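Take the position in the sequence shown, starting the count at 1, then add 1327; the result is the number in the working numbering. Ideal Cβ positions, reconstructed from N, Cα and C, are used throughout, including at glycine. On a predicted model such as this, the values are computed, not experimentally measured, just so you know.
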Amino acid sequence: MSNWSIAIERALENNVPKVDSILEKYPYLSVMADEIREAKLKVIADLDSYVKQTMESVEATGGRAYLARTTDEARDILKKIVGTGKKIVMAKSNVAHEIDIINTLEKTGNSVSETDLGAYLIQLSGDESSHIVFPSLHMTREDIGRMLHKELGLQLSDRSSTEEIVAAVRQLLRKNTWKPTSGYQEQMQYLLTQDLWYWLRTRATYA
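Encoded structure:
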């Protein structure tokens, strides 16, 4: 059996029963999911109006809103905001990966670090994301332990437990995130206010 198959099988065994149990215990979650889907489709059907409302609301609270109609426009806006020589600490963002923000910022002389564990493992391995929510779904615990030891020198191996791996990476990410560097305070401002500053509209819609 391939590592991919092992990883998927483990994920299903570990997560599906938990999800089923939660939905059985809290049946209203399924109703809420349907309501959220309906609201999402309503917004998509009248996207221009909602984009306008969002931008006006952001600016009314003192923020700056940018409308990018293409991927290239979004990248150009971001490069102007961030500049060069910054330490970028990224929160999890699927849009960021869809428009290749990490590569864009690194090419302009910035250092970019993921803070989401799955996204960080993908960044470190150079693999493609295998799932929209769990990007490192295809990686087994053994794969991750070996990689972290080889790439970062962490005291981990293919025998390390999930808890040991998570604890080691958490400590590393905290160190990378909070270590003072040039431009750090400015970067934290970008991180904390990015949703107010940046609005991306693409032609793709997801239902």
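- Straight-line Cα distance separating Asn1342 from Glu1455: When rounded, the distance between both Cα atoms is 22 Å.
- Quickly, what does DSSP pair Ile1415 with across the bridge? List them, please. Val1439
- Could you please give the first and the last residue of the uninterrupted alpha helix (DSSP H) stretch that includes Arg1486? Segment: none, Arg1486 is in no alpha helix (DSSP H) and carries neither H nor E.
- Buried or exposed: which applies to Arg1402, given that a residue is buried once 16 or more other Cβ atoms fall within 10 Å of its Cβ? Arg1402 comes out buried.
- Query: Ordered along the chain, which non-local residues of its own chain (more than five positions away) have a Cβ less than 7 Å from that of Leu1339?
  - Reply: none
- Task: Pull up the CB-CB distance for Ile1349 and Leu1464, whole angstroms please, since I reckon it's below 8 Å.
- Result: The Cβ separation is near 19 Å, so there is no contact.
- Message: Counting C-beta neighbours from all protein chains within 10 Å, is the total for Pro1507 16 or more, i.e. buried, or is it exposed?
- Response: Reliability of the predicted coordinates at Pro1507 is poor, the pLDDT of 37 falling under 50, and the value obtained from them is presented with this limitation in mind. Burial call: exposed.
- Helix, strand or coil at Ala1392 according to DSSP, with G and I counted as helix: coil
- Task: Give every residue of the same chain whose Cβ lies closer than 8 Å to the Cβ of Leu1405, excluding the five residues on either side of it in the sequence, and list them in chain order.
- Result: So the qualifying residues of the chain are Ile1428, Thr1431, Leu1432, Tyr1525.
- Message: Are the CB atoms of Leu1451 and Glu1478 within a distance shorter than 8 Å?
- Response: The criterion of a C-beta distance shorter than 8 Å is satisfied by Glu1478 and Leu1451.
- In or out: Thr1467 buried (at least 16 other Cβ within 10 Å) or exposed? buried
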